[in-house]
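Engineer: The opening residue of the first sequence carries number 4 in this note's numbering; numbering runs sequentially from there.
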Amino acid sequence: MEPINNKGYKLLHQGCLALSQVEMNGMKIDVDYTQRAIQATAKRIDKLEDELKKDEVFKTWRKRYGSRLNINSREQLGEVLFNILKYPCPERTKTGRPKTDEAILERVDIGFVAKFLKVMKLKKAKSTYLEGILRETTDGFLHPFFHLNMARTFRSSSSDPNFQNIPVRDPIIKKLVRRMFIARPNHRIVEVDYNGAEICCAACYHKDPVMIKYIKDDTKDLHRDMAMQCYKLKLSQVNKEIRYCGKNMFVFPQFYGDYYLMNAKSLWEAMVRLKLKTNDGTPLIKHIKAKGIKGLGSLYPKDKPKAGTFVKHLQEVENDFWGRRFKVYNEWKKEWYDEYLENGYFETLTGFRIEAVMRRNQVINTPVQGSAFHWLLWSLIEINKVLRKHKMKSLIIGQIHDSIVSDVHKKEVKNYLEIVQQVMTQDIRKHWKWIIVPLAIEAEVAPIGGSWYEKKEIEL
DNA sequence: TACTTCGGCGCC
DNA sequence: AAAGGGCGCCGAAGTA
Numbered sequence: 004m005e006p007i008n009n010k011g012y013k014l015l016h017q018g019c020l021a022l023s024q025v026e027m028n029g030m031k032i033d034v035d036y037t038q039r040a041i042q043a044t045a046k047r048i049d050k051l052e053d054e055l056k057k058d059e060v061f062k063t064w065r066k067r068y069g070s071r072l073n074i075n076s077r078e079q080l081g082e083v084l085f086n087i088l089k090y091p092c093p094e095r096t097k098t099g100r101p102k103t104d105e106a107i108l109e110r111v112d113i114g115f116v117a118k119f120l121k122v123m124k125l126k127k128a129k130s131t132y133l134e135g136i137l138r139e140t141t142d143g144f145l146h147p148f149f150h151l152n153m154a155r156t157f158r159s160s161s162s163d164p165n166f167q168n169i170p171v172r173d174p175i176i177k178k179l180v181r182r183m184f185i186a187r188p189n190h191r192i193v194e195v196d197y198n199g200a201e202i203c204c205a206a207c208y209h210k211d212p213v214m215i216k217y218i219k220d221d222t223k224d225l226h227r228d229m230a231m232q233c234y235k236l237k238l239s240q241v242n243k244e245i246r247y248c249g250k251n252m253f254v255f256p257q258f259y260g261d262y263y264l265m266n267a268k269s270l271w272e273a274m275v276r277l278k279l280k281t282n283d284g285t286p287l288i289k290h291i292k293a294k295g296i297k298g299l300g301s302l303y304p305k306d307k308p309k310a311g312t313f314v315k316h317l318q319e320v321e322n323d324f325w326g327r328r329f330k331v332y333n334e335w336k337k338e339w340y341d342e343y344l345e346n347g348y349f350e351t352l353t354g355f356r357i358e359a360v361m362r363r364n365q366v367i368n369t370p371v372q373g374s375a376f377h378w379l380l381w382s383l384i385e386i387n388k389v390l391r392k393h394k395m396k397s398l399i400i401g402q403i404h405d406s407i408v409s410d411v412h413k414k415e416v417k418n419y420l421e422i423v424q425q426v427m428t429q430d431i432r433k434h435w436k437w438i439i440v441p442l443a444i445e446a447e448v449a450p451i452g453g454s455w456y457e458k459k460e461i462e463l
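1) With residue 29 and residue 145 assumed to form a contact (beta carbons below 8 Å), what rounded beta-carbon distance in angstroms separates them?
2) DSSP three-state label for residue 310, please.
3) In angstroms with no decimal places, state the Cα-to-Cα distance between residue 138 and residue 130.
4) Whose C-beta lies closer than 7 Å to the C-beta of residue 381 among residues of the same chain, with five residues either side of it excluded?
5) Using only alpha-carbon positions, find the residue among 115, 85, 80 and 366 that is nearest to residue 51.
6) Which residues does DSSP pair with residue 185 in a beta bridge?
7) CB-CB under 6 Å to residue 318, same chain, minus the five flanking residues each way: which ones, in chain order?
8) Could you name the residues of the same chain whose beta carbon sits closer than 7 Å to that of residue 149, not counting the 5 residues immediately before and after it, in chain order?
9) From the DSSP output, read off the bridge partner residues of residue 226.
10) Report whether the distance from the Cβ of residue 265 to the nearest heavy atom of the ligand HEM is below 7 Å.
11) Can you pull the DSSP bridge partners for residue 446?
12) With a floor of 3 residues, list each beta strand (DSSP E) that falls wholly inside the region 396-441, ordered by position along the chain.
13) For the structure I just gave you, are there three or more beta carbon pairs, one from the region 439-448 and one from the region 216-230, closer than 8 Å?
14) Let me know the secondary structure DSSP gives residue 113 once reduced to three states.
15) Note down the Cα distance separating residue 254 from residue 229, rounded to an integer number of angstroms.
16) So what's residue 392 in DSSP terms, helix, strand or just coil?
17) Enumerated in chain order, which unbroken segments of the beta strand (DSSP E) with a length of 3 residues or greater are wholly contained in the region 9-70?
18) The beta strand (DSSP E) that contains residue 162, what's its start and end?
19) So, with DSSP's three-state summary, where would you put residue 326?
20) In the DSSP assignment, the beta strand (DSSP E) including residue 356 goes from what residue to what residue?
21) According to the Cβ coordinates, are residue 60 and residue 113 closer than 8 Å?
22) What does the Cβ neighbour count give for residue 300, buried or exposed, with the cut at 16 atoms within 10 Å?
23) Give every residue of the same chain whose Cβ lies closer than 7 Å to the Cβ of residue 367, excluding the five residues on either side of it in the sequence, and list them in chain order.
24) Rank 379, 306, 40 and 410 by C-alpha distance to the C-alpha of residue 178 and give the top, closest one.
25) Out of 326, 404, 387 and 371, point me to the one whose CA is closest to residue 420's CA.
26) For the alpha helix (DSSP H) containing residue 253, name the first residue and the last one.
27) Please state if the CB of residue 413 and the CB of residue 191 are separated by a distance shorter than 8 Å.
28) Could you check the C-alpha separation between residue 194 and residue 456 for me, to the nearest Å?
29) Residues in its own chain within less than 6 Å of residue 267 by CB, not counting five upstream and five downstream?
30) Quick one: what's residue 377 bridged to in DSSP?
31) Excluding sequence positions up to five away, which residues of its chain have a Cβ less than 8 Å from the Cβ of residue 464?
32) When DSSP labels each residue in this structure, what does residue 280 get in the three-state scheme?
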């Protein structure tokens with residue numbers, strides 16, 4: 004990759020300097036809390052493991068492995084469940100071992116496995132987060148690294164520790180871990196993020212009028228609409244959980260280059276596993292069957308989807324998605340890839356030529372993912388400049404691809420929010436005239452001296 | 001003991 | 001026609 008204009012060059016130069024400032028600022032860690040949390044979590048793990056050891060399944064496990072038994076080994080558990088106890092093994096890894104991830108193990112409907120998964124979650128929280136972060140903490144402060152030279156898409160990455168994958172989805176683990184991150188005295192943690200950054204950024208490349216309409220019109224909601232179509236629901240039947248599935252099991256995978264077979268699989272599994280219900284309380288699986296879907300259908304790529312299966316339905320949704328709904332977007336993908344094949348490179352709107360051997364999906368995703376991050380990077384640089392120019396006490400302490408985390412002095416909160424709003428939604432569009440969609444941000448604020456866990460969304 | 005590979009899982 | 005984008009960190013297991 005190389006810059007093709009001065010804006011590109013300056014972005015990385017200043018970005019590097021601004022991020023080193025962010026690294027130096029660092030964030031406060033509640034060390035006492037963390038030590039207590041580690042102890043408490045260790046205790047919970049011990050207790051659950053004791054219970055596991057009393058189970059019949061564990062006795063089978065011991066018989067098979069004897070002293071080599073390792074309660075942390077999913078591979079051993081896979082052997083016990085699928086080869087000895089003869090539970091059906093739905094999938095294998097590329098090296099031929101039985102797959103033993105969460106989705107697969109949940110299908111083995113016995114208490115032992117449910118408890119095993121619960122313990123694994125706690126161990127992940129303890130080792131990677133509680134202990135991993137504490138290990139990197141000195142004098143109560145943590146200074147994660149932010150790199151601009153690691154990601155192939157010219158996003159950033161973070162390490163030692165990785166600040167960009169702190170748990171947020173599982174409410175229990177979220178609280179356990181995010182409680183570690185606290186504001187400096189008289190400060191509040193403030194996190195601001197772009198709404199749908201990658202979708203908006205993609206729109207600047209493909210300029211699909213339907214997508215632009217979705218972005219501009221507040222009453223329209225793509226994820227909701229696709230959830231409705233995938234699960235054959237009416238507007239009144241959709242809820243937050245179902246919308247989440249539409250977003251993360253259809254829309255985003257499709258944008259990343261996935262296809263109907265995988266969508267059908269994960270959307271179907273979600274119905275069963277999360278026991279999804281329509282807003283009026285009907286189990287989704289029952290609803291979909293009433294709508295004429297007999298079953299999931301074959302997941303073998305070579306089989307032709309059969310009428311009346313969920314797979315066939317998703318194939319139709321996909322065809323509609325690209326063939327009718329986002330026709331212009333679809334044409335852009337083809338042209339963009341063809342041009343890459345011809346030239347051997349492509350150029351991002353943020354000012355870089357990227358010359359590398361890439362697969363089709365990478366060629367389509369890289370400019371979007373990279374440029375969306377460049378919006379954030381440019382914003383971070385400008386916000387940092389303003390904070391310093393006005394000698395404000397507030398500090399930027401981190402960045403997560405499309406969001407900025409700051410430790411904001413209690414008297415500067417209003418001012419800070421005005422600055423980020425101005426930079427992220429107005430100034431950036433003067434800097435890059437090719438941004439053809441309105442940009443919006445969301446802000447969350449934690450109490451004075453409180454933790455990252457306690458952040459709450461506020462009106463801007 | 002040190003290192004690599006794999007599978008898994010956390011995030012956007 | 002083909003078919004899931006980008007990271008970093010952990011422990012298990014195998015190898016040197």
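Backbone N, C-alpha and C define an ideal beta-carbon position, used for all residues, glycine too.
Structural biologist: In short, the structure shows the following:
1) At roughly 6 Å, the Cβ-Cβ gap stays under 8 Å, so residue 29 and residue 145 are in contact.
2) DSSP places residue 310 in coil when its eight states are reduced to three.
3) 10 Å
4) Excluding residues within five positions, the ones whose Cβ falls inside 7 Å are 14, 431 and 434.
5) 115
6) 31 and 454
7) 263 and 308
8) 22, 25, 26, 159, 161 and 402
9) According to DSSP, which records beta bridges pairwise, residue 226 is partnered with nothing at all.
10) Looking for the ligand HEM in the displayed structure turns up nothing, as the structure carries no ligands at all.
11) 195 and 461
12) 398-402 and 406-412
13) yes
14) In the structure shown, residue 113 adopts coil according to DSSP, grouped into three states.
15) Distance between the alpha carbons of residue 254 and residue 229 is about 7 Å.
16) helix
17) 30-32
18) 160-162
19) helix
20) For residue 356, the enclosing beta strand (DSSP E) begins and ends at 355-357.
21) Yes.
22) Around the beta-carbon of residue 300, 16 or more other beta-carbon atoms lie within 10 Å, marking it buried.
23) Taken in chain order, the residues that qualify are 260, 336, 339 and 340.
24) 40
25) 387
26) Neither: residue 253 is in no alpha helix (DSSP H) and is coded neither H nor E.
27) yes
28) 11 Å
29) 313, 314 and 317
30) According to DSSP, residue 377 bridges with nothing at all.
31) The chain is shown only over 4 to 463; residue 464 falls outside these bounds and no answer can be derived.
32) strand
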